[in-house]
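Q: As they're listed, the protein sequences go chains U and S.
Residue 225 in my numbering sits at position 243 of the first sequence, and the numbers go up by one each step.
Quick note: to get my numbering, add 425 to the position in the second sequence (first position is 1).
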Amino acid sequence: MADPRRRPLLLRPFARDEDVHCVVYHVVVLLACGAAFWIWLHPDSAGLSGPLAKTAFVVAAALLLGWISGVDVGVNFHNHTHRRIFRAPWLNRWFGRLWTFSGGWPSFFWEHAHVRVHHANVMEADDWTLPRRRPDGRFESVWRYCALHWPWRYAAHLAHDFTTGRGGHQVGRRALGELIVFAFLYSIPFWIDVPMALCLWVLPHFVANCVTMGSGMYVQHAGGAPKSSGARYQHSNTFLSRFFNLTIFNIGYHLEHHELPGLHWADLPALHRRMRATYAQEGARVVPYGYYRAARIVSSVLDPDGGYRRFTVDDQLPEFRRDAPHPQREPEASARPRLTSRSA
Amino acid sequence: MTRTAPAPDVSTFSACPGPSAVGRNLPPPAGSLGLGQFVGRSLFPLLALTLILGTLLWGPWVTLALAVASWAVVGRIG
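(1) How many angstroms separate the CA atom of residue 162 of chain U from the CA atom of residue 90 of chain U?
(2) Would you verify that the beta carbon of residue 17 of chain U is, or is not, closer than 8 Å to some beta carbon of chain S?
(3) Does residue 492 of chain S have its Cβ less than 8 Å from a Cβ in chain U?
(4) Applying the 10 Å Cβ sphere with the 16-neighbour rule, what's the burial state of residue 464 of chain S?
(5) Between the alpha carbons of residue 295 of chain U and residue 123 of chain U, how many angstroms are there, rounded?
(6) Just to confirm, is the Cβ distance from residue 219 of chain U to residue 292 of chain U under 8 Å?
(7) Under 8 Å Cβ-Cβ, which residues of chain U neighbour residue 481 of chain S?
(8) Apart from the five residues on each side of it in sequence, which residues of its chain come closer than 8 Å, Cβ to Cβ, to residue 488 of chain S?
(9) Could you spell out the range, first to last residue, of the alpha helix (DSSP H) harbouring residue 59 of chain U?
(10) Given that residue 90 of chain U touches chain S, what residues does it touch there, using C-beta distances under 7 Å?
(11) I want to verify the contact list: residues of chain S whose CB lies under 7 Å from the CB of residue 147 of chain U, in sequence order.
(12) Just to confirm the assignment: which complete beta strand (DSSP E) runs, minimum length 3, are found wholly within the region 261 to 298 of chain U?
(13) Is the distance from the Cβ of residue 485 of chain S to the Cβ of residue 17 of chain U below 8 Å?
(14) Given this structure, state the Cα-to-Cα distance separating residue 63 of chain U from residue 54 of chain U, to the nearest angstrom.
(15) If you draw a straight line from the C-alpha of residue 145 of chain U to the C-alpha of residue 153 of chain U, how long is it?
(16) Does residue 221 of chain U come out as helix, strand or coil in the three-state DSSP assignment?
(17) Counting Cβ pairs, one atom from each stretch, are 3 or more of them under 8 Å apart for the region 193 to 208 of chain U and the region 103 to 110 of chain U?
(18) Taking 8 Å as the cut-off, does the region 128 to 136 of chain U touch the region 179 to 196 of chain U (at least 3 CB pairs, one atom from each stretch)?
(19) Given a cut-off of 8 Å on the beta-carbon distance, is the pair residue 13 of chain U and residue 474 of chain S in contact?
(20) Pick helix, strand or coil for residue 256 of chain U, following the three-state DSSP scheme.
(21) Note down the Cα distance separating residue -12 of chain U from residue 460 of chain S, rounded to an integer number of angstroms.
(22) If we ignore side chains and look at the alpha-carbon of each, how far apart do residue -7 of chain U and residue 2 of chain U end up?
(23) Kindly indicate which three-state DSSP category residue 120 of chain U falls into: helix, strand or coil?
(24) From residue 79 of chain U to residue 88 of chain U, what does the alpha carbon distance come to, in whole angstroms?
(25) Taking any Cβ of chain S, which residues in the region 267 to 286 of chain U have a Cβ under 9 Å from it, in chain order?
(26) Can you name, in chain order, every residue of its own chain whose Cβ lies under 7 Å from the Cβ of residue 209 of chain U, other than the five neighbours on each side?
(27) Are three or more beta carbon pairs between the region 271 to 290 of chain U and the region 219 to 231 of chain U nearer than 8 Å?
(28) Looking at chain S, is there any beta carbon in it that lies within less than 8 Å of the beta carbon of residue 228 of chain U?
(29) Expressed to the nearest angstrom, what Euclidean distance is found between the alpha-carbon atoms of residue -2 of chain U and residue 66 of chain U?
(30) Can you list, in chain order, the residues of its chain whose CB lies under 6 Å from that of residue 451 of chain S, leaving out five sequence neighbours each side?
(31) With a threshold of 8 Å between beta carbons, is residue 460 of chain S in contact with chain U?
(32) Against residue 14 of chain U, what residues of chain S qualify as contacts under a CB-to-CB distance less than 7 Å, listed in chain order?
(33) Determine the DSSP secondary structure at residue 387 of chain U, reduced to helix, strand or coil.
(34) At least one CB of chain U closer than 8 Å to the CB of residue 447 of chain S: is that the case?
(35) Quick one: residues in its chain with C-beta nearer than 6 Å to the C-beta of residue 483 of chain S, no 5 flanking neighbours on either side, listed in chain order?
(36) So residue 299 of chain U packs on residue 270 of chain U, CB below 8 Å; how close in whole Å?
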């Protein structure tokens, strides 16, 4: 690490220079929320003259704010849970709290669900953050998952975890304290204007959690298999779209992320390059696009089974498919049964 | 069934979160704070902020149309 004393003053609080981008992202999200609130409170300045015009603005703002606040928590804060962006612990704790309230989450709750539940048990039975399985091993419908998971399943599982001590000593007490801090921060828009808070605060958080984060969680692991099945590198999907990874903190390198969660997000492409031959030999799950397109494919209304199969089977890059010819592959390896959820 | 996958060669990567491991093995990517990456990584919130503030200029219906178009375009290319 570079000597902190030789870095520009503004960068010294950060663990790495690239982490400035995380703060900028979050600040712009808050500015966007503030801009929407201001327009709501000054309707004449933006032509919100009647209920129809106001509805159009609310729908637009819900789509935009839900999109970016979902990424802000599900990707941006997510990186912080694995690798703190500041050097000072108190700054990490408080910025974390200010990071997730604008996505509808207490930071401690999201970190518990992601790190202690999801990462520690990815694709296993104890990983309640992921979609439930159908009898044939496939994930439940993405529509069902997005509709039922947040906040209903999350609330039930989190309450169970915090009352039974999953997460460590006095986890319930800490969760209660964090919930109080969150309730205070989350209520701020309600003090200003209750209808505004419902339309431009709660509704975008519904989009952020049910659409943005829900579909993201779904495609990150759809079609995969846990390590306990013997499939070493099939627990997560990797997405290679350059545009997607540039604009979303390299979260598309999801297999790489689960293999080394502590690796900084800026280093994930380098890990992918280093591991690419091994992944190809082991039949990792890799597609050429990003989450957004993947979510559009698996959410096909007219042909849901076809969409799921296209994403989990047909669109997998041939270089990584276990049934594809590969010069380094041992002959008996190709004769092994495919160990994906399709055959689980 | 147990597979015999070769162990990943990640010896030069730091696997532990925390300040002591920060960036100790890899140089920062070139231009990590460049304007292109700066704007690129914040592209979507900047777009959202622009569209929301743009309501002051072009009204709510155009904002709605642009928001829906943004979702549709990114759903195809992203």
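The C-beta atom is built at its ideal place from N, Cα and C for all residues, glycine as well.
As the structure is a computational prediction, the values presented were derived from the model and not from experiment.
A: With the structure as the only source:
(1) 12 Å
(2) With 8 Å as the cut-off, residue 17 of chain U counts as an interface residue toward chain S.
(3) yes
(4) exposed
(5) 16 Å
(6) No, the Cβ-Cβ distance between residue 219 of chain U and residue 292 of chain U is not below 8 Å.
(7) 21, 27, 28
(8) Around residue 488 of chain S, the same chain offers 476, 477, 479, 480 as residues with beta carbons nearer than 8 Å, after the five sequence neighbours per side are excluded.
(9) Where residue 59 of chain U is concerned, there is no enclosing alpha helix (DSSP H), given that its DSSP letter is neither H nor E.
(10) Correct list: empty, because the minimum Cβ distance to chain S is about 16 Å.
(11) In chain order: nothing, as chain S lies at least about 24 Å away.
(12) 267 to 269
(13) no
(14) 12 Å
(15) 8 Å
(16) strand
(17) yes
(18) yes
(19) yes
(20) helix
(21) 22 Å
(22) 7 Å
(23) coil
(24) Rounded to whole angstroms, residue 79 of chain U and residue 88 of chain U show a C-alpha spacing of 7 Å.
(25) Cβ proximity to chain S below 9 Å picks out 271, 272, 273, 274, 275, 277, 278 from the region 267 to 286 of chain U.
(26) 217
(27) The region 271 to 290 of chain U vs the region 219 to 231 of chain U: in contact.
(28) yes
(29) 10 Å
(30) Only weak support exists for where residue 451 of chain S lies, its pLDDT of 48 falling under 50; the coordinates are left without a value.
(31) No - not a single Cβ of chain U is within 8 Å of the one on residue 460 of chain S.
(32) 470, 473, 474, 477
(33) As displayed, chain U neither begins before -17 nor continues past 326, which places residue 387 of chain U out of reach and without an answer.
(34) Because residue 447 of chain S carries a pLDDT of 34, less than 50, the predicted location of this residue cannot be relied on, and the following value inherits that uncertainty. Closer than 8 Å to some Cβ of chain U, the Cβ of residue 447 of chain S qualifies, so yes.
(35) none
(36) 6 Å
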